[in-house]
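A.B. asks: Before we start, here is the structure in question, set down as structure tokens.
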Amino acid sequence: MTTLNVKWEPADGKVKEYKVFYVPAADGAAEAMETVAATATTTVLNGLLPDTLYTVSLVPVYEVGDGQKQSENGKTSKTG
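Heads up: the sequence shown begins at 1 in UniProt numbering, then just goes up one per residue.
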């Protein structure tokens, strides 16, 4: 299994945490999700399939609810 490094700029406002969703782009499978501390601007997604394009989405979470989702694609390496 392989990993994918994810980086982002801090969201505006008082963020409680971030939700990071990820799924193979061509798979149609259910999204996996992990939460990351509000102070974080990076995370490493583990246990991913090698040589696979993933859609990764980041959602800031505020006291009043979720912020705007931002998505990008990233590809894992060919070897685990």
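Note that beta-carbon positions come from the ideal geometry of N, C-alpha and C, so glycine has one too.
Just list the beta strand (DSSP E) runs in the UniProt domain "Fibronectin type-III" (1–80), keeping only unbroken ones of 3 residues or longer that don't cross its boundaries, in chain order.
C.D. replies: Runs of the beta strand (DSSP E) inside the UniProt domain "Fibronectin type-III" (1–80): 2–7, 17–24, 32–37, 42–48, 53–62 and 70–75.
A.B. asks: Which value, in whole angstroms, describes the spacing of the CA atoms of A29 and F21?
C.D. replies: Cα to Cα, A29 sits roughly 12 Å from F21.
A.B. asks: Residues in the same chain with beta-carbon distance under 6 Å from V6, minus the five sequence neighbours each way, listed in chain order, please.
C.D. replies: For V6, where only same-chain residues beyond five positions count, the Cβ hits under 6 Å are T43 and V56.
A.B. asks: Under 8 Å between the Cβ atoms of A32 and E17?
C.D. replies: Contact flag unset, no.
A.B. asks: Once the 5 residues before and after P60 are set aside, which same chain residues still bring their CB inside 6 Å of it?
C.D. replies: Closer than 6 Å at the Cβ level, and outside the excluded window around P60, lie A11, V15, Y18 and G67.
A.B. asks: Skipping 5 residues on each side, what residues in its chain have a beta carbon closer than 8 Å to that of N73?
C.D. replies: Excluding residues within five positions, the ones whose Cβ falls inside 8 Å are A25, L53, Y54, T55 and V56.
A.B. asks: Check this for me: beta carbons of K78 and P50, under 8 Å apart or not?
C.D. replies: Cβ atoms of K78 and P50: closer than 8 Å.
A.B. asks: Under 8 Å between the Cβ atoms of E9 and T41?
C.D. replies: Yes, the pair counts as a contact, with Cβ atoms nearer than the cut-off.
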